[in-house]
Structures are given as structure tokens and as C-alpha cells.
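This report concerns only the one structure given below.
There are 2 protein chains.
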Amino acid sequence: MANIRVSIITIGDELLIGQTIDTNSAWMAQRLNELGVDVVRRVAVGDVAVEITTALDEELTKAEVVLITGGLGPTADDITKPLLCKYFGGKMVVDERTLEHIKTIFTKRNRPFLEANMKQAEVPDCCTVLHNRIGTAPGMLFHKAGKIIISMPGVPFEMMAIMEDEVLPYLQQNFSHDAIVHKSIITSGEGESFIAEKIKDLETALPAHIKLAYLPSPGIVKLRLTGRGNDKLSLESELKLRQEEFANRLENIVVSLHDLPLAQVLGQSLIEKKATIGLAESCTGGYISHELTQIVGATQYFKGGIVCYDREVKENILGVDAKTIDTHTAVSEEIAIEMVQGALKVLKVDYALSITGMLGPATDKDEPPPGTVWMAVADKSSVKTRKFKFHYDRLRNKDMAMQSAIVFMWRFINNKL
Amino acid sequence: MANIRVSIITIGDELLIGQTIDTNSAWMAQRLNELGVDVVRRVAVGDVAVEITTALDEELTKAEVVLITGGLGPTADDITKPLLCKYFGGKMVVDERTLEHIKTIFTKRNRPFLEANMKQAEVPDCCTVLHNRIGTAPGMLFHKAGKIIISMPGVPFEMMAIMEDEVLPYLQQNFSHDAIVHKSIITSGEGESFIAEKIKDLETALPAHIKLAYLPSPGIVKLRLTGRGNDKLSLESELKLRQEEFANRLENIVVSLHDLPLAQVLGQSLIEKKATIGLAESCTGGYISHELTQIVGATQYFKGGIVCYDREVKENILGVDAKTIDTHTAVSEEIAIEMVQGALKVLKVDYALSITGMLGPATDKDEPPPGTVWMAVADKSSVKTRKFKFHYDRLRNKDMAMQSAIVFMWRFINNKL
Numbered sequence: 001m002a003n004i005r006v007s008i009i010t011i012g013d014e015l016l017i018g019q020t021i022d023t024n025s026a027w028m029a030q031r032l033n034e035l036g037v038d039v040v041r042r043v044a045v046g047d048v049a050v051e052i053t054t055a056l057d058e059e060l061t062k063a064e065v066v067l068i069t070g071g072l073g074p075t076a077d078d079i080t081k082p083l084l085c086k087y088f089g090g091k092m093v094v095d096e097r098t099l100e101h102i103k104t105i106f107t108k109r110n111r112p113f114l115e116a117n118m119k120q121a122e123v124p125d126c127c128t129v130l131h132n133r134i135g136t137a138p139g140m141l142f143h144k145a146g147k148i149i150i151s152m153p154g155v156p157f158e159m160m161a162i163m164e165d166e167v168l169p170y171l172q173q174n175f176s177h178d179a180i181v182h183k184s185i186i187t188s189g190e191g192e193s194f195i196a197e198k199i200k201d202l203e204t205a206l207p208a209h210i211k212l213a214y215l216p217s218p219g220i221v222k223l224r225l226t227g228r229g230n231d232k233l234s235l236e237s238e239l240k241l242r243q244e245e246f247a248n249r250l251e252n253i254v255v256s257l258h259d260l261p262l263a264q265v266l267g268q269s270l271i272e273k274k275a276t277i278g279l280a281e282s283c284t285g286g287y288i289s290h291e292l293t294q295i296v297g298a299t300q301y302f303k304g305g306i307v308c309y310d311r312e313v314k315e316n317i318l319g320v321d322a323k324t325i326d327t328h329t330a331v332s333e334e335i336a337i338e339m340v341q342g343a344l345k346v347l348k349v350d351y352a353l354s355i356t357g358m359l360g361p362a363t364d365k366d367e368p369p370p371g372t373v374w375m376a377v378a379d380k381s382s383v384k385t386r387k388f389k390f391h392y393d394r395l396r397n398k399d400m401a402m403q404s405a406i407v408f409m410w411r412f413i414n415n416k417l
Numbered sequence: 001m002a003n004i005r006v007s008i009i010t011i012g013d014e015l016l017i018g019q020t021i022d023t024n025s026a027w028m029a030q031r032l033n034e035l036g037v038d039v040v041r042r043v044a045v046g047d048v049a050v051e052i053t054t055a056l057d058e059e060l061t062k063a064e065v066v067l068i069t070g071g072l073g074p075t076a077d078d079i080t081k082p083l084l085c086k087y088f089g090g091k092m093v094v095d096e097r098t099l100e101h102i103k104t105i106f107t108k109r110n111r112p113f114l115e116a117n118m119k120q121a122e123v124p125d126c127c128t129v130l131h132n133r134i135g136t137a138p139g140m141l142f143h144k145a146g147k148i149i150i151s152m153p154g155v156p157f158e159m160m161a162i163m164e165d166e167v168l169p170y171l172q173q174n175f176s177h178d179a180i181v182h183k184s185i186i187t188s189g190e191g192e193s194f195i196a197e198k199i200k201d202l203e204t205a206l207p208a209h210i211k212l213a214y215l216p217s218p219g220i221v222k223l224r225l226t227g228r229g230n231d232k233l234s235l236e237s238e239l240k241l242r243q244e245e246f247a248n249r250l251e252n253i254v255v256s257l258h259d260l261p262l263a264q265v266l267g268q269s270l271i272e273k274k275a276t277i278g279l280a281e282s283c284t285g286g287y288i289s290h291e292l293t294q295i296v297g298a299t300q301y302f303k304g305g306i307v308c309y310d311r312e313v314k315e316n317i318l319g320v321d322a323k324t325i326d327t328h329t330a331v332s333e334e335i336a337i338e339m340v341q342g343a344l345k346v347l348k349v350d351y352a353l354s355i356t357g358m359l360g361p362a363t364d365k366d367e368p369p370p371g372t373v374w375m376a377v378a379d380k381s382s383v384k385t386r387k388f389k390f391h392y393d394r395l396r397n398k399d400m401a402m403q404s405a406i407v408f409m410w411r412f413i414n415n416k417l
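Protein chains in written order, with the working numbering: chain A, 1 to 417; chain B, 1 to 417.
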């Protein structure tokens with residue numbers, strides 16, 4: 001069989017009134033893409049029978065495989081399961097394996113097994129049940145006119161478990177695919193337009209089977225080359241050459257050639273150097289620490305941080321001089337330096353970063369304008385400082401400050417400042 | 001004109017390969033919903049002309065207003081603007097106001113104005129230009145067969161600005177809508193099924209124009225009542241009564257009747273009590289501090305936190321006894337208590353919370369199983385502790401620990417433990 005096209009339908013009123021951000025589709029698309037399977041469309045509809053049926057009808061004309069998430073919860077606002085049963089012409093029966101599994105989960109979590117949960121074990125008799133290792137709602141696989149329809153719960157971790165355990169292996173066994181290779185170049189310090197201009201000729205020279213995409217996010221621009229072909233190995237080396245070509249052209253704004261979170265790129269540098277790091281965060285309020293500790297194994301290099309939101313904490317724990325604050329204000333190069341020196345000392349780390357700023361909204365004319373941020377990074381023998389100016393609102397400025405801080409540390413540690 | 005139905009089309013390969021999570025649609029849906037405008041479908045397609053055209057054709061049969069985001073960036077992978085121009089039968093012209101605006105932005109940000117940016121000022125001559133206050137790509141409004149199509153850039157903050165400044169006022173002026181009222185009940189401590197069973201009769205008794213939805217997220221379940229009618233005032237009081245009825249039934253698991261982040265609910269309690277708070281975070285690595293400082297005005301009550309990821313930081317800054325760690329391990333009630341007492345003292349706050357745990361993945365048989373977390377919360381005169389067990393992976397456990405910690409603090413402060 002040739003390459004298959006996949007369409008994803010997500011069901012739930014919560015998606016149409018904006019109460020829930022759809023993270024499922026992105027995750028599903030990513031995993032499918034790694035297998036060389038193209039997602040051609042994603043559709044979100046409400047918990048309304050006619051909308052669901054229409055979406056099914058339409059997507060089945062556009063794709064060979066339709067993946068559905070949502071609408072399978074234990075509560076009364078979910079209507080998908082009986083609807084699918086009717087759509088595929090089956091009747092509801094209790095699946096014994098699922099029932100046993102649900103009871104085990106309830107016992108383990110020490111919760112009473114209720115009538116509403118019993119319904120979770122019912123499935124249309126015309127489907128193949130897909131086991132849900134971590135939750136109560138099973139997945140269901142249907143066939144119709146040579147096409148495949150798979151329904152999964154909307155709870156992200158349950159959907160992920162069913163995808164990994166059942167759906168991805170099934171697709172891999174039953175369909176052959178093109179090889180797809182992605183190569184990324186993570187940059188920081190310049191905007192999308194600047195980069196586009198700088199690599200214009202390289203982009204134009206790309207062959208038809210290699211595409212370039214720009215993926216900007218706060219503080220960074222990621223370039224992604226995607227190649228498609230029959231032979232994975234030769235494609236891999238072809239993409240690697242192109243990646244190097246682009247990276248050489250962009251030289252000093254390149255942070256990494258691996259599609260990893262910046263926190264992990266920084267972590268790898270620290271592991272290589274067998275060095276530790278610590279933080280003194282004022283305006284970012286713990287966000288940088290949080291980001292660093294998202295990475296498995298951060299305990300090897302991250303010792304901790306002082307969130308010194310209040311002036312007293314800066315003075316009492318980091319030893320910042322009250323007079324320096326009075327003279328220069330808390331958002332100043334001088335305070336950033338005293339903070340980073342305090343952090344090096346009290347956290348007993350090889351490297352430290354400090355950050356102090358005003359993220360917004362504006363509250364007082366005498367303060368520096370929102371978006372003004374000072375950072376300092378230091379080791380035992382040197383300190384570097386930098387002033388940043390972000391132009392957005394509080395939360396976006398916080399995002400940008402966090403990402404910029406990680407890049408700033410990474411540059412300092414790798415002598416790229 | 002009657003109520004309008006809106007369909008949202010998001011354009012971009014990055015959405016179909018999962019590189020980007022679509023946060024735009026949720027935000028748009030939320031704002032439209034507040035105006036009483038129903039979003040009936042959301043569709044995501046790639047940067048492929050035929051896919052975009054098909055989506056436009058189809059959505060125009062299902063909705064009176066089609067909102068498009070994405071595909072308007074300055075770089076070569078964006079094809080939407082010329083496509084729309086062709087679709088609506090126009091030709092590209094430079095919009096002088098947009099050109100001036102783009103040049104101003106470049107001057108302000110101290111960046112060179114490049115040829116690629118010039119293109120941003122071009123628009124189809126058959127559209128109404130919608131001003132983009134904070135970015136370079138303008139929005140565009142088209143008419144076709146009595147329907148309205150609006151195209152906006154995919155960068156979230158730019159889309160938001162155009163929605164607020166142009167699109168929402170336009171829709172409000174040109175269409176009349178039902179009044180829509182939402183009332184929320186935020187609960188913590190019980191699962192969706194338990195809640196459903198407990199309020200079954202109240203849910204069944206709801207009239208047809210009021211809907212109930214369950215919105216579970218890590219550590220909390222939000223119930224949302226949505227009413228629709230002609231008269232906003234009477235709907236408001238009707239919904240308020242229903243909300244009270246549900247809240248009374250659920251009594252001690254109710255955290256708030258306002259649809260606010262838990263961090264803000266906690267902040268309001270602290271402001272009322274004129275009290276300050278501080279944190280000692282081990283396993284959550286600054287996440288709770290980050291969450292508390294997302295709230296505007298957190299500076300009134302949040303003084304700071306110690307992220308004590310490493311044992312040495314627990315000992316040196318919080319004064320945790322090395323012997324206690326050796327005897328009880330770092331993940332224990334005893335350490336949580338010493339941490340919280342240390343935090344109260346060094347941060348000089350009225351309330352403190354400490355958290356220590358293993359979030360995963362499992363690394364060593366001797367450690368407590370992943371998901372084991374101890375928390376302590378204290379004021380000058382008392383300490384309460386609680387052991388939590390989370391059943392997911394590292395990042396989800398971190399989410400749940402963070403949310404649970406905020407609820408735990410809120411309960412302690414409001415004498416609800």
C-alpha cells in the first residue's frame with residue numbers, strides 16, 4: 001500500500017469555546033511524522049452528533065486513516081461512543097478485559113467503583129478494542145470502505161499511551177512509508193527576516209524533496225529542513241550536509257543543531273564540563289529554574305536558585321547591599337552583578353546567572369519601562385552583563401527573558417559572548 | 001441578522017507536523033464566545049494551496065464568518081496572501097499606511113529594513129486592511145457571497161491585537177447575538193466520575209438552555225455552566241442560582257466560584273489577610289514560584305522562594321539538618337517540615353510551603369517510587385503536612401504537584417484543611 005494520509009478529528013465543546021488548548025493534535029502529528037506518515041488536516045468539532053458525523057463523512061473522503069480524540073470521558077457530556085457505535089452499525093457490549101482493568105485502576109487509586117465507570121467498559125461490538133494502559137477509557141479501531149478510523153480518549157496521557165502501545169505499531173505494520181528526515185538549526189539573536197535574507201541563495205538552491213521551515217518562538221528562531229525519499233541513510237547524509245551549509249552561513253547566531261529544548265542544550269554543556277550552575281531570579285520568579293528542571297538528569301548540574309522577588313530577599317539571602325538598590329534601583333547592572341556574586345557564593349556553584357527587570361504591566365512612572373531586564377552571568381573569575389529590552393506583555397516578556405537567559409548562560413559557558 | 005456561526009482555519013505545515021501547538025484557536029474561541037458568537041469548527045491545514053482553497057470552500061458552506069490565521073510571515077514558506085488575492089479576484093498593491101507602520105517598527109527596534117519586509121506591506125486590492133498595531137503583517141477582511149473572511153498573521157500576539165482592535169468590534173457592530181453567561185466552579189480533591197455521581201440529579205434538572213461541562217486538568221476539575229438567552233441580566237441571576245446549588249452540593253472540594261487561575265485565587269486570600277508567602281521547592285524546581293509570579297500584583301504577597309534542588313542548598317540556606325536527611329532521606333515528612341521552617345525564617349514570611357519528592361523517571365530502587373511527594377505548609381504557630389502520590393510521568397507529575405501545592409496553601413490559609 002502507498003503512503004497514507006491521516007486526518008485528526010478532535011471532539012469537545014471545550015475546544016470550541018477555548019477552555020482547552022489542543023495539545024493532543026501536535027503530539028500526534030509529531031509521532032506520526034516521525035514514521036513518515038503525513039497528517040493532512042486537523043478538524044475540531046463540538047459534542048454535537050451531526051457535527052461529528054459530518055466531520056467523519058468529510059475526513060474519510062480526504063484521508064485513509066482518521067484518528068479521533070475526545071468525547072470518551074465518564075461523564076454525561078460525552079456522546080461520542082454511542083454515536084460511533086451507530087455510525088459503524090454495531091451494538092454496545094461490555095468488554096471484559098477493559099472492565100477488569102478499570103476495576104484494578106479504581107482499587108489501586110483507592111476510589112469507589114461507580115455506575116458511571118461501568119459504562120467505560122462498554123464498546124461497540126464492531127470495533128477492535130485498543131488497550132488503555134493508564135486510564136479507564138479504551139481506544140477503538142473501526143474499518144469502513146477500506147479506511148481505518150481510530151477513536152481515543154481526549155485525556156492527553158491516555159491518548160499518548162494508546163498511540164504508543166497500539167496505534168503507531170499498527171500503522172507501522174500495515175503501511176509502508178517514505179523515509180522522512182528532519183534536521184534543525186536553533187538560532188538566537190536575530191529575527192526571521194534577517195535570517196531569511198542571509199540564507200536566501202541556500203534556500204533557493206534546495207532540491208524539491210527538501211523543504212525549509214522557519215519556526216519562531218520567544219527569543220529563538222528554529223529552522224527546520226525536512227527531506228523525503230526512499231532511502232533513509234542517503235537522505236540522512238544529504239540533509240546533514242545541507243544543515244551544515246546553513247549553520248556555517250549563520251555562524252554566531254547558531255545555538256544548536258539538535259532539536260532539543262535550550263535547557264537541555266545548556267545541560268549538555270554543563271555535563272561535558274562537569275560544572276554546576278545556580279540562579280538568582282527576580283523578575284522571572286523561578287521560571288528559569290523551572291525550565292532547567294524540566295530536563296531529566298538536571299540534578300547532575302543544577303544545584304538550585306534563589307527567587308528574590310522581594311528586595312529583602314535580595315539583601316538577606318544574596319547579600320545585595322541596600323545602598324546599591326537605593327542608588328541604582330533594583331533593575332540595574334549593579335544589582336544584577338551583586339545578585340550573581342551572591343548566588344555563586346551561597347549556592348556554591350561554578351556558574352551562576354542573575355536576572356532583574358520589569359516585565360509589566362506599567363505601574364509607576366519612576367520605574368524603568370516594562371520589558372527592561374538586566375542579566376549577569378559569572379564564574380569565579382569573570383562577570384558579564386547584558387541589558388535586554390522586550391516589547392510585549394508581562395507573560396510574553398517573561399517567556400522571552402527566560403529563553404534569553406538560557407542562551408546567555410550557554411554563550412558564557414561556551415566562550416561565545 | 002441572526003446569530004452567526006464562525007469557523008476558524010489555521011494554516012501552517014508546522015501545525016501538521018506537530019512543531020507548534022495551536023494556542024491561537026483557543027484564545028479566539030474564548031473571546032468570540034464572550035460575545036455570544038459560536039465557533040462551530042476549527043480546521044488546520046498545511047501551507048499547500050489546494051488544501052487552503054478546499055478548506056475555504058468547505059468552511060464557507062458551514063459558517064457565516066471564516067477566520068484565518070497563519071501563512072502571513074515575511075519568509076518564503078508563506079503562501080497564503082497571494083492565494084487569498086487570487087481566490088477573491090484581486091491584485092496585490094502596496095498599502096501605504098502599512099508600509100509606514102512597518103518602517104516605524106524597524107526603526108524602533110533598530111533593525112535594517114529589508115526587501116522581504118517590503119512585501120509585508122502588500123495586500124490584495126479587494127480587501128479591507130486591518131491594522132496590526134504590534135507587528136508587520138496586517139490583517140485582511142474580504143466579502144464573498146454575503147459571507148465574511150478575515151485573515152490574520154499566526155504570531156499569537158499580533159493575531160490578538162488585530163482581533164481586539166478590529167475583528168471583535170466589527171463583529172459586535174455588524175451582528176446581533178444571544179447573550180451567553182458562563183459560571184464556573186473550580187474543585188480540587190476528587191475525580192470527574194465522583195463529582196458526576198454526586199451532582200447527577202442537579203445536572204438532570206438543568207433546563208435546555210443551560211449546559212454543564214466538566215473540564216479536568218492536572219489536580220483540578222472545573223465545572224462550567226453555560227446559559228444562553230435573550231436577556232443577559234435575568235440569565236446572569238438564573239446561572240448564579242444554579243452555580244450556588246452545585247457549589248453547595250460539592251461543599252468542601254470547591255476552591256473557587258471564579259474562573260481564575262488557582263494562583264490568583266490564592267493571591268486574593270493573601271491580599272485579604274495582608275499576609276506574605278514564601279516557598280522552599282525541591283522537586284518542583286521553581287515551578288510554584290513561577291506560577292505565583294504569573295499573576296499581576298504578586299509582589300504584594302509573594303516575597304520569594306528557595307529552589308533547593310541539591311541537598312547542600314537545603315542544608316546551607318534552609319538550615320535542614322544533614323542527619324535528618326541521612327536518617328529519613330530527602331523525600332520525607334521530616335525534611336518537608338525542616339524545609340518549611342527554614343523558609344519561614346530566612347524569607348521572613350507569614351506563610352510558607354515546602355515540597356520535596358521524586359517526580360520520575362525511576363532511577364534507583366532505593367529511592368521512593370516516582371510520584372511520591374511530601375508537602376508542608378506552615379505559619380508561625382502551626383505546621384501541616386501531606387503526602388501525595390502522582391501516577392504519571394515527570395512533567396505531568398510536576399504539573400500536578402504544582403497545582404496541588406497551591407490548593408494546599410489555599411486550604412491552610414483559609415482554615416479548610
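Ideal placement from N, C-alpha and C gives every residue a C-beta, glycine not left out.
Inset, instruction - Please check the pair Leu417 (chain A) and Lys387 (chain A), which I expect to be a contact at CB under 8 Å, by giving their CB distance rounded to whole angstroms. - result: With 8 Å as the limit, Leu417 (chain A) and Lys387 (chain A) do not qualify as a contact, their Cβ atoms being about 14 Å apart.
Legend entry - Alpha-carbon to alpha-carbon, Thr363 (chain A) and Ala405 (chain B): 29 Å
Legend entry - Cutoff 8 Å: Val254 (chain A) Cβ touching any chain B Cβ: no
Inset, instruction - For Asn132 (chain B), return the contacting residues in chain A, with the cut-off set at a CB-CB distance below 9 Å. - result: Neighbours of Asn132 (chain B) on chain A: none; closest Cβ ~14 Å, over 9 Å.
Inset, instruction - Check distances from the C-beta atoms of the region 50 to 65 of chain B to those of chain A and list, in chain order, the residues that come in under 9 Å. - result: Glu51, Thr54, Ala55, Glu58 and Lys62
Inset, instruction - Compile a chain-ordered list of the residues in the region 359 to 389 of chain A whose CB is closer than 8 Å to at least one CB of chain B. - result: Pro361
Inset, instruction - Please name the residue, chosen from B:Pro216, B:Glu197 and B:Arg41, that lies closest to Gln19 (chain A) on a Cα-to-Cα basis. - result: B:Pro216
Inset, instruction - Kindly say whether Gln403 (chain A), judged by its beta-carbon, lies nearer than 8 Å to any beta-carbon of chain B. - result: no
Inset, instruction - Check whether the Cβ of Asp310 (chain A) lies closer than 8 Å to any Cβ atom in chain B. - result: yes
Inset, instruction - Closer than 9 Å by beta-carbon distance: list the chain B residues that pair up with Trp410 (chain A), in chain order. - result: Residues of chain B passing the Cβ test: none, with the nearest at roughly 18 Å.
Legend entry - Residue closest to Gly219 (chain A), alpha-carbon to alpha-carbon, out of A:Val313, A:Ile68 and A:Pro261: A:Pro261
Legend entry - Reference Met358 (chain B); option with closest CA among B:Ile8, B:Ile105, B:Thr329 and B:Gly342: B:Thr329
Legend entry - Residues, ordered as in the chain, of the region 294 to 325 of chain A that lie near chain B by beta-carbon distance below 8 Å: Gln294, Val296, Ala298, Thr299, Phe302, Lys303, Gly304, Gly305, Ile306, Val307, Cys308, Tyr309, Asp310, Glu312, Val313, Asn316 and Ile317
Legend entry - Alpha carbon of Ile102 (chain A) to alpha carbon of Glu272 (chain A), nearest angstrom: 46 Å
Legend entry - Contacts that Val40 (chain B) makes with chain A (C-beta to C-beta distance below 8 Å): Leu16, Val45, Gly46 and Glu51
Inset, instruction - Please go through the same chain and pick out, in chain order, the residues whose beta-carbon is closer than 6 Å to the beta-carbon of Phe106 (chain A), but skip the five residues on each side of it. - result: Phe113
Inset, instruction - Can you grab the Cα-Cα spacing for the pair Met375 (chain B) / Glu333 (chain B), in whole Å? - result: 7 Å
Inset, instruction - Give me the Cα-Cα distance between Thr128 (chain A) and Thr284 (chain B), rounded to the nearest whole angstrom. - result: 40 Å
Inset, instruction - Run the CB neighbour count on His290 (chain A), radius 10 Å, all protein chains shown included, and call it buried at 16 or more, exposed below. - result: buried
Legend entry - From B:Glu238, B:Phe246 and B:Ile325, residue whose alpha carbon lies closest to that of Lys200 (chain B): B:Phe246
Inset, instruction - For Ala179 (chain B), write down the residues that DSSP places opposite it in a beta bridge. - result: B:Gly229
Inset, instruction - Report the neighbours of Val101 (chain B) on chain A: residues whose CB is nearer than 7 Å to its CB, in chain order. - result: Residue 101 (chain B) is actually His in this sequence, not Val. Going along chain A, no residue has its Cβ under 7 Å from His101 (chain B), so there is no contact; the nearest lies around 15 Å.
Legend entry - Residue range of the unbroken alpha helix (DSSP H) whose run includes His328 (chain A): Ala322 to His328
Inset, instruction - Could you say which of B:Glu244, B:Gly229, B:Phe302 and B:Glu281 lies nearest to Gly267 (chain B) if we only look at CA atoms? - result: B:Phe302
Inset, instruction - Output yes or no for whether 8 Å exceeds the beta carbon distance between Glu64 (chain A) and Lys147 (chain A). - result: yes
Inset, instruction - Identify which residue in B:Val377, B:Leu60 and B:Arg394 has its Cα closest to the Cα of Ile413 (chain B). - result: B:Val377
Legend entry - Complete runs of the beta strand (DSSP E) confined to the region 82 to 160 of chain B [at least 3 residues]: 92 to 94, 122 to 124, 128 to 130, 139 to 144 and 147 to 152
Legend entry - Beta-carbon gap between Pro461 (chain B) and Met140 (chain B) smaller than 8 Å: Nothing about residue 461 (chain B) can be reported from this structure: the residues present for chain B run from 1 to 417 only.
Legend entry - Range of the contiguous alpha helix (DSSP H) that encloses Asp399 (chain B): Arg394 to Ile413
Inset, instruction - Have a look at A:Asn24, A:Ile17 and A:Glu59 and flag the residue whose alpha-carbon is nearest the alpha-carbon of Ala26 (chain B). - result: A:Ile17
Legend entry - Distance, Gly191 (chain A) Cα to Ala263 (chain A) Cα: 21 Å
Inset, instruction - Compare the C-beta of Asp22 (chain A) with all C-beta atoms of chain B and state if any pair is closer than 8 Å. - result: yes
Inset, instruction - Measure from the alpha carbon of Ala275 (chain B) to the alpha carbon of each residue in B:Ser237, B:Lys348, B:Tyr287 and B:Thr204, then state which is nearest. - result: B:Lys348
Inset, instruction - Compare the C-beta of Ser237 (chain A) with all C-beta atoms of chain B and state if any pair is closer than 8 Å. - result: no
Legend entry - Within 9 Å of chain B by C-beta, residues of the region 186 to 197 of chain A in sequence order: Glu190, Gly191, Glu192, Ser193, Phe194, Ile195, Ala196 and Glu197
Inset, instruction - Along the alpha helix (DSSP H) that carries Val307 (chain B), what are the first and last residues, could you check? - result: Taken as a continuous stretch (DSSP letters only), Val307 (chain B) belongs to no alpha helix (DSSP H), being part of the beta strand (DSSP E) at Phe302 to Val307.
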